[in-house]
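Below is one structure, written out as structure tokens; the observations come after it.
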Amino acid sequence: MPPSEATTNLELILHHLLPLLLLSSLSVKAFVGRWHLLRSKLTHLQASLSQLYSSLASSSSPAASQEQNEEEEIENQNPLLRDHLLPNILSTLETIHSLAEQCRDHPPSGKLLMQSNLDIASSSLSLHLRHLDLLLNSGVLCSSSNAAASNNPTAIVLPQPGPSASRDELAFFVRDLFARLQIGGPDFKKKALESLLQLLRDDDDAESAKNSVVVAAEGDVAYLIHLLDSHGHPLFVREHAVHAISVLASASDSSRKAVFEEGALGPLLRLLETGSAAVKEKAAAAVEAITSDPENAWAVSAYGGIRALIEACRSGSPAVQAHSTGALRNAAAVEDIRRALEEEGAIPVLVDLLDSSGHGGGRSSSGNAAHCLWLMASSGEDFRQAIVQEGGLQRLLQLLQEGPNPETIEHALRAIYALSLSASTARALSSSPSAAGFLPQLAELIRQGGSAGLQHISASLICNLSLADERKRALAGCMGALVKMMESPLQKSAAVGTQEVAARALVLLLSVRSNRKEFVREEKNVLKLVQMLDPRRNVGGMCKSYPVSVAAALTAGGGGGCRKRLVAAGACQHLQVLADMDVTGARKVMQRLAGSRLKNIFFTRAWRE
1 MPPSEATTNL
11 ELILHHLLPL
21 LLLSSLSVKA
31 FVGRWHLLRS
41 KLTHLQASLS
51 QLYSSLASSS
61 SPAASQEQNE
71 EEEIENQNPL
81 LRDHLLPNIL
91 STLETIHSLA
101 EQCRDHPPSG
111 KLLMQSNLDI
121 ASSSLSLHLR
131 HLDLLLNSGV
141 LCSSSNAAAS
151 NNPTAIVLPQ
161 PGPSASRDEL
171 AFFVRDLFAR
181 LQIGGPDFKK
191 KALESLLQLL
201 RDDDDAESAK
211 NSVVVAAEGD
221 VAYLIHLLDS
231 HGHPLFVREH
241 AVHAISVLAS
251 ASDSSRKAVF
261 EEGALGPLLR
271 LLETGSAAVK
281 EKAAAAVEAI
291 TSDPENAWAV
301 SAYGGIRALI
311 EACRSGSPAV
321 QAHSTGALRN
331 AAAVEDIRRA
341 LEEEGAIPVL
351 VDLLDSSGHG
361 GGRSSSGNAA
371 HCLWLMASSG
381 EDFRQAIVQE
391 GGLQRLLQLL
401 QEGPNPETIE
411 HALRAIYALS
421 LSASTARALS
431 SSPSAAGFLP
441 QLAELIRQGG
451 SAGLQHISAS
461 LICNLSLADE
471 RKRALAGCMG
481 ALVKMMESPL
491 QKSAAVGTQE
501 VAARALVLLL
511 SVRSNRKEFV
521 REEKNVLKLV
531 QMLDPRRNVG
541 GMCKSYPVSV
551 AAALTAGGGG
561 GCRKRLVAAG
571 ACQHLQVLAD
581 MDVTGARKVM
591 QRLAGSRLKN
601 IFFTRAWRE
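Okay, structure coming up:
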């Protein structure tokens, strides 16, 4: 019989128990085929343990000169080997020894039970061999020279390296951590996961990103994803694992890529449907982070995750809703997925989440929902009609007034702009009593000048509407800000640049006589406009047709006072040069100003005579 558990050690297994079992397996009379497979695995186990013993002995301290002291040091330095792997191997070998006795001395009773026991023993040996291969390949058990290992040889998980640790030290720590995570029991797994989270959640963002890169390169991310399986692991393991994956997905591009390529998206989406509240929140955060990369966003539909995300938006906690709407927003950036969103019923759910004070909207949820609706409304008329039919326009107007931050307001405004591409929506925004407070807010957003994006989209919306003169007069207060917007640098990335939309909005507002008078009453407006007309000045790379169109609007409709102000500011000489350069509209404006100047000269002379 094998020795008692009290004398368990590596040398006993390697030099006594394994040779005995290999010899015993040759004399069995029943289930010869299964015993042949077991004998092959026992031989492999003997070779692996021999290699492990040699490696550990060569790395032990020089002070351990005697064989017994060396053996004790080997085991003391490796609690994973001492407390987990060796006892498990011994237990399996004791079981195999008992089975060998039964199959050798007499025909075993209960053939099906014996077959099952032999198969279980064979699977256990395979697991031990896999764990030994992991330890040998990682090198974590041959590190007695490592400072972290020698400082605390009995720790379940090594102390976390400090900020000054080298990459090699950090890599060793990560390999050791994942070895204990994969091989160890519940205590090892719990401590390893806690240590992993501590490593990834460093207070310094740069340090955290660096650590995540090392974890993705040196750790086994695939095994971490495997821990998400609800059938094989305790709840605390799944909670810690999904938290770690969430942090990895958010920390750096390389760690996010590793998480995605190892297949995390499918298990995370399943957890979003079946996990606990804490697990769902972290799973949703991880999905949002993964899909922030456009190359990954398409996979949400491929994994069948659209419905899971919509359901999470409908019934999840505020935090789950925030991350789920963020993931839908990321997915909606892929044009082909927008149709799937509409078909799965995303629009009414997203419209409901626009109510930031509602049953679960939350600040991030409302902003993400508005962003998603903007992307969908930009895709076609059928999307716009569906959003309006669900009450999306009214909810967006309300969010615009109550928006908690500029980013949410901008998303709501962009969604409204996309809806205004429909003629019926544009008419409602132009004349509906329910939209009466909308236009003054547009003027205020332009006048504040806090966000270039808000200014740009507000001016674009003014251009999109068919406004009555009364409502144009209500927007007069933003004309000075529109002039400043015309001076902004050229934005090549925008479909319609800020300079152009500002000029178009000004032309629209200057069609009202009182607005023209209001414009020239501010001398700096006229001076800035004339400076923009100067061919020698390159104001933000501006096309000169923009200020020319504004000058044309100012001189239209018998605005004699406006013409005088432009002439006095020196606009004529600039317009003459622009006319010679064939700038559209310049000659016509010059003729109007020249005619006004000749009339002034004629009437002045007649009065004097």
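Counting from 1, one number per residue, gives the positions in the sequence shown under full-length UniProt numbering. The beta carbon of each residue, even a glycine, is placed where N, CA and C say it ideally should be. Remember, it's a predicted structure, so these values are computed and weren't measured experimentally.
Open item on the list: According to DSSP, is A519 part of a helix, a strand, or is it coil?
Closed with: Here the sequence assigns Phe to residue 519, which means Ala is not the residue at that position. DSSP places F519 in helix when its eight states are reduced to three.
Task: Pair within 8 Å by beta-carbon distance, R384 and L442 - done: no
Task: Q573 versus K528: straight-line alpha-carbon distance, rounded - done: 15 Å
TODO: Whole angstroms is fine: what's the gap from G392's alpha carbon to F236's?
DONE: 41 Å
Open item on the list: What does the alpha-carbon distance come out to for the pair L354 and A206?
Closed with: Looking at the backbone, the Cα of L354 and that of A206 are separated by about 35 Å.
Task: alpha helix (DSSP H) segments (min. 4 residues) lying fully within the stretch 352–438 - done: 363–377, 381–389, 392–402, 406–419, 423–431
Task: Span separating the alpha-carbon of A586 from that of Q576 - done: One C-alpha to the other measures close to 7 Å.
Task: L196 versus I183 - alpha carbon distance - done: 16 Å
Open item on the list: In this structure, how does DSSP classify W298 when only helix, strand and coil are distinguished?
Closed with: coil
Open item on the list: Under DSSP, the alpha helix (DSSP H) around I306 begins and ends at which residues?
Closed with: It spans 305–315 - the alpha helix (DSSP H) in which I306 sits, taken as one unbroken run.
TODO: Keeping to the same chain, check which residues put their C-beta closer than 7 Å to that of D227; ignore five residues upstream and five downstream.
DONE: Sequence inspection shows Leu at residue 227; the Asp mentioned does not correspond to that position. Answer for L227: H233, V237, R238, A241, listed in chain order.
Task: Between the CA atoms of S122 and L37 - distance to the nearest angstrom - done: If you take the alpha carbons of L37 and S122, they lie about 8 Å apart.
Open item on the list: For I225 and G263, which I take to be in contact (beta-carbon distance under 8 Å), what is that distance rounded to the nearest angstrom?
Closed with: 6 Å
Open item on the list: I need the boundaries of the alpha helix (DSSP H) containing N16, first residue and last residue.
Closed with: Checking the sequence, you will find His at residue 16 rather than Asn. According to the DSSP assignment, H16 belongs to no alpha helix (DSSP H), since it is labelled neither H nor E.
Open item on the list: Is the separation between the beta-carbon of L271 and that of V279 shorter than 8 Å?
Closed with: Using a Cβ distance threshold of 8 Å, L271 and V279 count as a contacting pair.
TODO: Could you work out which residue in S254, I120, L467 is closest to A209 when comparing CA atoms only?
DONE: S254
TODO: In the DSSP assignment, find the alpha helix (DSSP H) that holds D243 and state where it starts and stops.
DONE: Residue identity differs from the one stated: residue 243 is His in this sequence, not Asp. Looking at the DSSP string, the run of the alpha helix (DSSP H) that includes H243 is 235–251.
Task: E11 - DSSP class collapsed to helix/strand/coil - done: helix
TODO: State whether the stretch 466–481 contacts the stretch 507–519, with contact taken as three or more CB pairs (one from each stretch) at a distance under 8 Å.
DONE: yes
Open item on the list: Taking a contact to mean a Cβ-Cβ separation below 8 Å, would you say L396 touches A412 in this structure?
Closed with: yes
TODO: Answer yes or no: do L26 and L93 have a C-beta to C-beta separation smaller than 8 Å?
DONE: no
- [ ] Pick helix, strand or coil for E94, following the three-state DSSP scheme.
- [x] In this structure, DSSP gives E94 a helical state, which the three-state scheme calls helix.
Task: Inter-residue Cα distance where the pair is S252 and L200 - done: 11 Å
Task: Boundaries of the alpha helix (DSSP H) in which G219 is found, first to last residue - done: Taken as a continuous stretch (DSSP letters only), G219 belongs to no alpha helix (DSSP H), as it is neither H nor E.
- [ ] Measure from the alpha carbon of D220 to the alpha carbon of each residue in D176, Q115, F188, F438, then state which is nearest.
- [x] D176
Open item on the list: Looking at the secondary structure, which residues open and close the alpha helix (DSSP H) in which M486 lies?
Closed with: Annotation: the continuous alpha helix (DSSP H) that includes M486 extends over 479–486.
- [ ] Kindly give me the distance between the Cβ atoms of K524 and P535, rounded to whole angstroms, as I take these residues to be in contact under 8 Å.
- [x] Not a contact, Cβ separation roughly 21 Å.
Open item on the list: Once DSSP output is grouped into helix, strand and coil, what is the label at D187?
Closed with: Reduced to three states, the DSSP call for D187 is helix.
TODO: Determine the closest residue to L86 out of G367, I13, A299, with distance taken between C-alpha atoms.
DONE: That would be I13, whose Cα lies nearest to the Cα of L86.
Task: Contact set for M532: own chain, Cβ-Cβ below 7 Å, skip 5 residues either direction - done: M486, V539, M542, P547
Open item on the list: Among L341, S451, P433, P348, whose alpha-carbon lies nearest the alpha-carbon of G305?
Closed with: L341
Task: Local conformation of H131 per DSSP, three classes - done: helix
TODO: Alpha carbon to alpha carbon, how far is W298 from A386? Give it in angstroms, no decimals.
DONE: 23 Å
Task: Beta-carbon separation (whole angstroms), I337 vs S301, contact threshold 8 Å - done: 5 Å
TODO: Measure the beta-carbon distance from V214 to L170 and round it to whole angstroms, keeping in mind my assumption that it falls under 8 Å.
DONE: 5 Å
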